[in-house]
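Residue numbers (full-length UniProt numbering), protein chains in the order written: chain A, 1 to 212; chain B, 1 to 212; chain C, 1 to 212. Where is the CB? At the ideal position from N, CA and C, for every residue including glycine.
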């Protein structure tokens, strides 16, 4: 029990990292579309919170995460105001490698959290795995829809959603063992992150369509 | 009462047909956009369940149909994995005629089910007719939005939503008569199907814009 | 208390004006995309009610406004049927100036109503200001998404959402004073309307991206 504060703050740090990386992807996309400040904020917000929000609407869970934690919305708001100068600095300081790692960490956390909340709401296990993937990827999907693009995660053939899917099933499978929920959560989230980084490192693609 | 099992299994068969046809339309659209396996599954899923899901979110009804019946989600998942080889076979075996008929059956069932559930939730009758149409067409609308297209049902001028609209009103009107709910449901759904097939057969269009 | 009927009917008039202006923007956009009657009705409906509907879904508030007042849905339905001849007449009778004024009135009313309902649902104040803006602008955002466009309000650099944002904060700020809620509501809504008209009059833009 005395470890709870440490535990909570680690989750909080990962949460902030995941949200910032989601928002960053929104900033980049919104700027590519030459959006104004309203668009940049909204797209960043949707990219950061869209997946979890859709999951909560489907599960009918309220209040939404970002409604309970307005500090995250305020953080994205401030970042949106600073996005133009910040983007240059971010690009100078933070390499693509760092962004991919942070994004992979976020994917792991979001997907496992999504599956976990679906199981807590007594969803069937296949639905729980879908809720994990939805939480992990639909921020990006909704970001792309608002930006009038076919969602990247649906067409680039990279195993992104699939890493989330496997990790969600790992978490679900571990529920049938004696391991603690904490252990299940962390190993599953870490597995997604490592799997995602491996597939990125080796630039793996899933060839689905027959080659011409 | 002893007829219930038969009745249920007929509805179940129609349901599966309607879901499969919805998913098929998603497969076709996702492949046209050269989506990967994640996109093909998601778009097929949205095409099959999007209309009913939107209706349930608007009415605040939970759990969602596909959450209660994960077997349908698993079915679409398996079909998505098989979609590339299956598509060739489907095109060889099943003619366009069969797909149109199955789709018309699905439209009738979905639209009447949507109106019925809205009335059961004490919605006003015009709203109930809208819920019927939403259930019938928004799977396709959401599919087209995710695929970055202007929804087909909003621009082709074919009386598709309109058939659903008339059938929903027929069902609502029959509530004010002495006929059983079962009779109202089946005659209305069948009327939508026949009306849709008639308008397809004669390639009817509604000319809305003034001709230049 | 004896003034309530007058008060209600003033709100009702403004509501109808705001809904009509929202629907009108949908008619224009849907016709530009050469949509059929189903598309014209749906896009007008989404433009008129999308913002409030999204807010209510996020707050989990039911029944939705347009579900309780089916007369508004019927009104838009009738207008959609008449849209082609009506559009010419509307353009002859009503100048762009009148539409901008009506739209500014609607923006003020919707934004303040959104913030007010979020506060009533015990939302934190930053979230309440966001709900105000969402109510004010997401009808147009969803309209543009359905019409396969990048939402105008995210890219034209005009202070539209920003007027709503300031007015929502004005309303929130007035909650900490002794003024009546009615006074807070009307002054905030009026401020948004005037601010919007001022920025329109002087064709103000917010330059967000660095000029090349």
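Local Cβ density within 10 Å of residue i, reported as buried at 16 or more and exposed below that
i	result
residue 124 of chain A	buried
residue 120 of chain A	exposed
residue 202 of chain A	exposed
residue 151 of chain B	buried
residue 29 of chain C	buried
residue 56 of chain B	buried
residue 181 of chain A	exposed
residue 204 of chain A	exposed
residue 145 of chain A	buried
residue 206 of chain C	exposed
residue 1 of chain A	Caution is warranted here: a pLDDT of 39 is assigned to residue 1 of chain A, below 50, making its placement in the model unreliable, and no coordinate value can be reported.
residue 132 of chain C	buried
residue 117 of chain A	buried
Residue-chain proximity (residue i, chain B), Cβ-Cβ < 7 Å
i	result
residue 62 of chain C	yes
residue 3 of chain A	Reliability fails at residue 3 of chain A, whose pLDDT of 43 lies under 50, so the model's placement of it is uncertain and no value is given.
residue 85 of chain A	no
residue 39 of chain C	yes
residue 117 of chain C	no
residue 212 of chain A	Because the pLDDT of residue 212 of chain A is 43, which lies under 50, any placement of that residue in the model is unreliable, and the number read from its coordinates should be weighed accordingly. No - not a single Cβ of chain B is within 7 Å of the one on residue 212 of chain A.
residue 67 of chain C	yes
residue 26 of chain A	no
residue 30 of chain A	no
residue 52 of chain A	no
residue 55 of chain C	no
residue 126 of chain A	yes
residue 281 of chain A	Because chain A spans 1 through 212 in this model, residue 281 of chain A falls outside it and cannot be assessed.
C-beta neighbour in chain A for residue i, strict 7 Å
i	result
residue 36 of chain B	yes
residue 192 of chain C	no
residue 74 of chain B	yes
residue 104 of chain C	no
residue 21 of chain C	no
residue 141 of chain B	no
residue 202 of chain C	no
residue 148 of chain B	yes
residue 114 of chain C	no
residue 157 of chain C	yes
residue 168 of chain C	no
residue 154 of chain C	yes
residue 172 of chain C	no
Nearest to residue i (by Cα), restricted to the options the options
i	options	result
residue 134 of chain A	A:19, A:43 and A:52	A:52
residue 220 of chain A	A:157, A:136, A:28 and A:23	One cannot answer for residue 220 of chain A here, as it falls past the ends of chain A, which runs 1 to 212.
residue 94 of chain A	A:175, A:24 and A:167	A:24
residue 115 of chain A	A:99, A:171 and A:156	A:171
residue 69 of chain A	A:99, A:15, A:200 and A:34	A:15
residue 105 of chain A	A:206, A:11 and A:204	A:11
residue 84 of chain A	A:108, A:31 and A:66	A:31
residue 44 of chain A	A:27, A:56 and A:33	A:27
residue 71 of chain A	C:207, C:182, C:127 and C:146	C:127
residue 64 of chain B	A:67, A:66 and A:60	A:60
residue 199 of chain C	C:157, C:169 and C:21	C:157
residue 47 of chain B	B:153, B:88, B:58 and B:13	B:153
Cutoff 7 Å: residue i Cβ touching any chain C Cβ
i	result
residue 92 of chain A	no
residue 78 of chain A	no
residue 48 of chain B	no
residue 70 of chain A	yes
residue 161 of chain B	yes
Cutoff 7 Å: residue i Cβ touching any chain F Cβ
i	result
residue 132 of chain C	Checking the listed chains, one finds no chain F in this structure; the protein chains it contains are A, B and C.
* **Given 8 Å, three or more beta-carbon pairs between the segment 188-207 of chain A and the segment 68-84 of chain B** => no
* Inspect the CB distances between the segment 153-166 of chain B and the segment 32-43 of chain C and report whether three or more fall short of 8 Å. => yes
* Please confirm if the segment 50-68 of chain C is in contact with the segment 136-150 of chain C, defined as three or more CB-CB distances below 8 Å between the two stretches. => yes
* To do: Pick out the complete beta strand (DSSP E) segments inside the segment 72-160 of chain C, 3 residues or longer, and give them in chain order.
  => none
* For the UniProt domain "Glycine transporter" (13-84) of chain A, list the alpha helix (DSSP H) runs that are entirely contained and at least 4 residues long, ordered along the chain. => 37-59 and 65-68
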